[in-house]
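Peer 1: Below you'll find the structure I mean.
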Amino acid sequence: MDLALGEIANLVGGQLSGDAGIPISGAAIIRDANVGDITLADKLQLANQLADCRAAAVLVPPDVTPDGVPFVTVTNVHASFAKIVQHFRPHTCNQPYGVSAAAHVSPTAQLGREVVVYPTASIGDDVRVGDGVIIYPGVRILAGSRIGDNVTLFPNVVLYENTVIGNRVIIHAGAVLGAHGFGYETVDGRHKLSAQLGYVVIGDDVEIGAGTTIDRGTYGPTSIGEGTKIDNQVMIGHNCRIGRHNLLCSQVGIAGSATTGDYVVMAGQVGIRDHIDIGDRAILGAKCGVMNSVPADSVYFGYPATADREQLLKQAALSKLPEMRKQFKALQRQVAELAEKFNDAA
Amino acid sequence: MDLALGEIANLVGGQLSGDAGIPISGAAIIRDANVGDITLADKLQLANQLADCRAAAVLVPPDVTPDGVPFVTVTNVHASFAKIVQHFRPHTCNQPYGVSAAAHVSPTAQLGREVVVYPTASIGDDVRVGDGVIIYPGVRILAGSRIGDNVTLFPNVVLYENTVIGNRVIIHAGAVLGAHGFGYETVDGRHKLSAQLGYVVIGDDVEIGAGTTIDRGTYGPTSIGEGTKIDNQVMIGHNCRIGRHNLLCSQVGIAGSATTGDYVVMAGQVGIRDHIDIGDRAILGAKCGVMNSVPADSVYFGYPATADREQLLKQAALSKLPEMRKQFKALQRQVAELAEKFNDAA
Amino acid sequence: MDLALGEIANLVGGQLSGDAGIPISGAAIIRDANVGDITLADKLQLANQLADCRAAAVLVPPDVTPDGVPFVTVTNVHASFAKIVQHFRPHTCNQPYGVSAAAHVSPTAQLGREVVVYPTASIGDDVRVGDGVIIYPGVRILAGSRIGDNVTLFPNVVLYENTVIGNRVIIHAGAVLGAHGFGYETVDGRHKLSAQLGYVVIGDDVEIGAGTTIDRGTYGPTSIGEGTKIDNQVMIGHNCRIGRHNLLCSQVGIAGSATTGDYVVMAGQVGIRDHIDIGDRAILGAKCGVMNSVPADSVYFGYPATADREQLLKQAALSKLPEMRKQFKALQRQVAELAEKFNDAA
């Protein structure tokens, strides 16, 4: 599978600077590259790391000209590098279309065209699945759910009853959509589960990470807007309404009935209180704890979270607090001495 | 499935104010209601939102009298609304009692009466399952486990060896009970796993959320007391003893050998240190980090967590710190000037 | 299965102090011990709790001499106690070697000797599995993965394509290795998933907790070094390189392309920013948020995390801030009075 560097330049339509005959045996990022690999440097600062890298050649954009190593110049470094990686490590999964005889599909379920259902997957009563859907082993789709076209459900994904999934959605292994919300009424010292009659609705082009959980609404939907991307181990509570094109990083937790606008970004481990609203394009810093609604176009961080300017002032002041404490004690002494001198003088 | 508003009033035994003939085609909360839906307003402040709501009618308690929209008055709004929602979206899952031929049940396992076991579920050697238990697809019950009556195990739940589950327990999809504890002894620079001979014991009426993990004890049980409710993605470490009727919200983490009393509440993302004790009825605020034992009947929050009064004072002082810093510098200047004047005068 | 205390002393090669004929019916830690049990006290402070314990006897190390209860002295208390527990609660799982006819193994997969594959497990095309591997129900190994010798994969573990697992690795239920990284490029207001061509590499003797997720690299590996132990619900992002013999506690989150040295310890709920480096033997306190690289041999905690000394000073100063605020106001008044008096005098 080795390629000469000239062949690689041809493969990606790039401009070669160096010996076309150099044999290339793999492709890896600078940190991981071995002798014989081609690597990539998508910005100048990475090009500076090439001196310590064992790669035989490097892929670069037009504005990067590396020193002392053969290079191939292309306009889109990442798309080109992906093409090279795929040459060396081609995708090996070739499951033909069709429903495995070892899958468990209800007779009342309806499947579209060009669908793949792997062994041990379960599809319940009255489920409808669109065209071009891939359902990996161990996926559980409970009764009444609706799956759009060109959806991929990775192994062991669970969709509870009546889940609605849009088109081109990707859900990673072990994610759970539609479990009961965490809503209880305490009667005579016992916590009684509230109504759990709702479901989950996922918009088109949403991607959901491994182990993420999205609870059903109380009476109606918990919904995720079109184009929103959700990382692994995110928790979204019952009745939440998440807007379009959000980016929710890993281990974010959003409590029940909270809403977000469009293009909201939450960094890792952010926590959002129940029943608050996060405005369009708000950015919430890693690990922040949001206790009140956040206006559109704002940047919040900290615990409790506040607007970034306020938080920066607080944290700067806190950093200098131990020093200020010393100065304060010195000032107390100075004032005491001054007062004494004044009294003596008086 | 449409109902006239009068029929709805009859269905829930309510008092109608408005035209009994209005056709109702669905039920949804105010935020989600469409034309033709009935909605609910369980308190006065929600009634004020009805003006902007497209619902055709509203369900209210006796102390709420909405303006300009037909309404039905009932004593228990939520129970009645649930009944209406169920009329419009009836439960579709009708699995008959019985063990699927495509389930994998050990010949030494014993199952009670009126049990449902879906295809692909696994039940190991010497497992005992009570009456009225529902075991969804992909559930794995390892050898020696004991399941009480009327338990529901949602898809892909995993119970390791010798797990003990009480009556009326609900465990949501992907939860894992009984994995090894995170206890290591470091010998010659290598971490060696300690004994993992214990198991998990779950009391009656406990509910456990999706993706939650509860590790086995070292030699004996990790236990969850009767009536305790645990949300999604909660982590409970080895040897913990959780009391009765606790509410543990999403993404809480409790380290090994910690204990809690009864009626403890932990909000989302709380972290509890190992080997500490949380007293009866303690309330721990969202995201707090608890490093020491907490007395009964206290409210703690913050990181590190302290009693609420102390934390409020700290946070208030911190909020004013940037201002105080300015004032402090001004005071330093003032004292310096005063000292100079005094020296000049002396 | 009862044993006389003398038989127990023989079982563990210990020195008996007390009546050899006392019947022992179980083994439990002090907190859980019932009448007739033997318990253990591995340090003096535990021996003091024996007065309130119902155990009939206690296992102790040579430097602990309990009062008023029969005891057995041994050199390694935990190994000996484990042996006793195993007598009373023997391991019941006796799956014979072999591949279940109800497992789904690709004809192109290659399995080693003495392998156990339970029903409903899935093994994809071109997968290679070493000797002595145990694959529990519901495990999904996708195409091209390589599993070393003596590996245990607990129920419902998911390995995406091309995952590489070393020898003696243990992966707990529901863990997911190789899902897509959370890397997007935003084009015309839509988030477009970046290349997802990499995979996950796990070193020898690594242990991975339940529900943990480790994402694949962009072009190459996300890697976990030899001997590292990872607790439940940990999240490791794409392209991370975790060193050897790390201990990563529950609910830790490590963002993409971060690296760690050897013997790093992260307590529960720690968050690590993307693209930073954690030095050898660094210790990161529970729940800290690390925003910058951390030097070797340092101890960091807090949010944002700093070196421990700096953080202790900050937190101490913050604790005294409410008091300091009062004193500051008093000092302001005092200076104002002093200035007034001085002016009056002048």
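Chains as they are written, first to last, in our numbering: chain H, 1 to 346; chain R, 1 to 346; chain Z, 1 to 346.
All C-beta atoms in this analysis are idealised placements derived from N, C-alpha and C, irrespective of residue type, glycine included.
What you are looking at is a predicted structure, and each value in this text was computed from that prediction instead of being measured.
Output yes if chain H places a C-beta closer than 7 Å to the C-beta of residue 190 of chain R; else output no.
Peer 2: No - not a single Cβ of chain H is within 7 Å of the one on residue 190 of chain R.
Peer 1: Report the neighbours of residue 211 of chain Z on chain R: residues whose CB is nearer than 7 Å to its CB, in chain order.
Peer 2: Near residue 211 of chain Z (Cβ distances below 7 Å), the residues of chain R are 176, 211, 213.
Peer 1: Does the distance from the C-beta atom of residue 82 of chain H to that of residue 197 of chain Z stay below 7 Å?
Peer 2: yes
Peer 1: Please list, in chain order, all residues of the same chain as residue 137 of chain H whose beta carbon is under 7 Å from its beta carbon, the five residues on each side excluded.
Peer 2: Correct list, in chain order: 118, 119, 120, 121, 155.
Peer 1: Of the choices H/43, H/341, H/135, whose alpha-carbon is the least far from that of residue 97 of chain H?
Peer 2: H/135
Peer 1: Check distances from the C-beta atoms of the region 153-165 of chain H to those of chain Z and list, in chain order, the residues that come in under 8 Å.
Peer 2: 154, 155, 156
Peer 1: Quick one: complete beta strand (DSSP E) runs, 3+ long, within the region 291-319 of chain R?
Peer 2: 299-301
Peer 1: Is the beta carbon of residue 186 of chain R less than 7 Å from the beta carbon of residue 210 of chain Z?
Peer 2: no
Peer 1: Does the beta carbon of residue 34 of chain H come closer than 7 Å to any beta carbon on chain Z?
Peer 2: no
Peer 1: Using 8 Å for Cβ pairs, my map puts residue 297 of chain R next to residue 286 of chain R. What's the rounded Cβ distance?
Peer 2: Incorrect: roughly 19 Å between the Cβ atoms, too far for contact.
Peer 1: On the DSSP bridge assignment, give the partners of residue 257 of chain H in chain order.
Peer 2: Residue 257 of chain H is not bridged by DSSP to any residue.
Peer 1: Just the C-alpha distance for residue 200 of chain R and residue 194 of chain R, rounded to the nearest angstrom, thanks.
Peer 2: 17 Å
Peer 1: Give me whichever residues DSSP pairs with residue 57 of chain H in a beta bridge.
Peer 2: Beta-bridge pairing by DSSP links residue 57 of chain H to H/38.
Peer 1: Closer than 8 Å, Cβ to any Cβ of chain H: which residues of the region 117-144 of chain Z, in chain order?
Peer 2: 120, 122, 124, 125, 126, 138, 140, 142, 143, 144
Peer 1: Going residue by residue through the region 84-164 of chain H, where are the continuous beta strand (DSSP E) segments of at least 3 residues, counting only ones entirely within it?
Peer 2: none
Peer 1: Could you name the residues of chain R that residue 231 of chain Z contacts, counting a contact when the two beta carbons are closer than 7 Å?
Peer 2: 182
Peer 1: In chain R, which residues lie with their C-beta within 8 Å of the C-beta of residue 293 of chain H?
Peer 2: Chain R residues near residue 293 of chain H: none, gap ~15 Å exceeds 8 Å.
Peer 1: Helix, strand or coil, according to DSSP, for residue 322 of chain Z in the structure here?
Peer 2: The DSSP-derived three-state label of residue 322 of chain Z is helix.
Peer 1: Report yes or no: is there a C-beta of chain H within less than 7 Å of the C-beta of residue 322 of chain R?
Peer 2: yes
Peer 1: Please go through the same chain and pick out, in chain order, the residues whose beta-carbon is closer than 6 Å to the beta-carbon of residue 229 of chain Z, but skip the five residues on each side of it.
Peer 2: 207, 247
Peer 1: From this set, R/43, R/28, R/45, R/44, which residue's C-alpha is nearest residue 37 of chain R's C-alpha?
Peer 2: R/28
Peer 1: To the nearest angstrom, report how far apart residue 1 of chain R and residue 77 of chain R are at their CA atoms.
Peer 2: 22 Å
Peer 1: Nearest CA to the CA of residue 61 of chain H: which residue from H/39, H/51, H/55?
Peer 2: H/39
Peer 1: Can you grab the Cα-Cα spacing for the pair residue 255 of chain H / residue 235 of chain H, in whole Å?
Peer 2: 8 Å
Peer 1: Measuring only between beta-carbons, confirm whether residue 268 of chain R sits less than 7 Å from chain H.
Peer 2: At a cut-off of 7 Å between C-beta atoms, residue 268 of chain R counts as an interface residue with respect to chain H.
Peer 1: Could you say which of H/91, H/99, H/100, H/126 lies nearest to residue 106 of chain H if we only look at CA atoms?
Peer 2: H/126
Peer 1: Any beta carbon from chain H within less than 7 Å of residue 74 of chain Z's own beta carbon?
Peer 2: For residue 74 of chain Z, the answer is no, since every Cβ of chain H falls outside 7 Å of its Cβ.
Peer 1: Determine the chain H residues that contact residue 28 of chain R at a beta-carbon separation under 8 Å, and present them in chain order.
Peer 2: 219, 220
Peer 1: What's the gap between the Cα of residue 262 of chain Z and the Cα of residue 299 of chain Z?
Peer 2: 14 Å
Peer 1: Near residue 308 of chain H, what residues of its chain come up, given a Cβ to Cβ distance below 7 Å and the 5 sequence neighbours on each side ignored?
Peer 2: 299, 300, 301
Peer 1: Please confirm whether residue 167 of chain Z and residue 150 of chain Z have their CB atoms less than 7 Å apart.
Peer 2: Against a cut-off of 7 Å, the Cβ pair of residue 150 of chain Z and residue 167 of chain Z comes out as a contact.
Peer 1: Over what stretch of residues does the beta strand (DSSP E) that includes residue 185 of chain R continue unbroken?
Peer 2: For residue 185 of chain R, the enclosing beta strand (DSSP E) stretches over residues 184-187.
Peer 1: Below 8 Å between beta carbons is the criterion; list the residues of the region 88-107 of chain R that meet it against any residue of chain Z, in chain order.
Peer 2: 104
Peer 1: For residue 68 of chain Z, which option in Z/80, Z/51, Z/174 has the closest C-alpha, if you only look at C-alpha atoms?
Peer 2: Residue nearest to residue 68 of chain Z within the set Z/80, Z/51, Z/174 is Z/51 (criterion: CA-CA distance).
Peer 1: Among the candidates R/269, R/303, R/10, R/326, whose CA atom is the shortest distance from the CA of residue 251 of chain H?
Peer 2: R/269
Peer 1: Does any C-beta atom of chain Z lie closer than 7 Å to the C-beta of residue 325 of chain H?
Peer 2: yes
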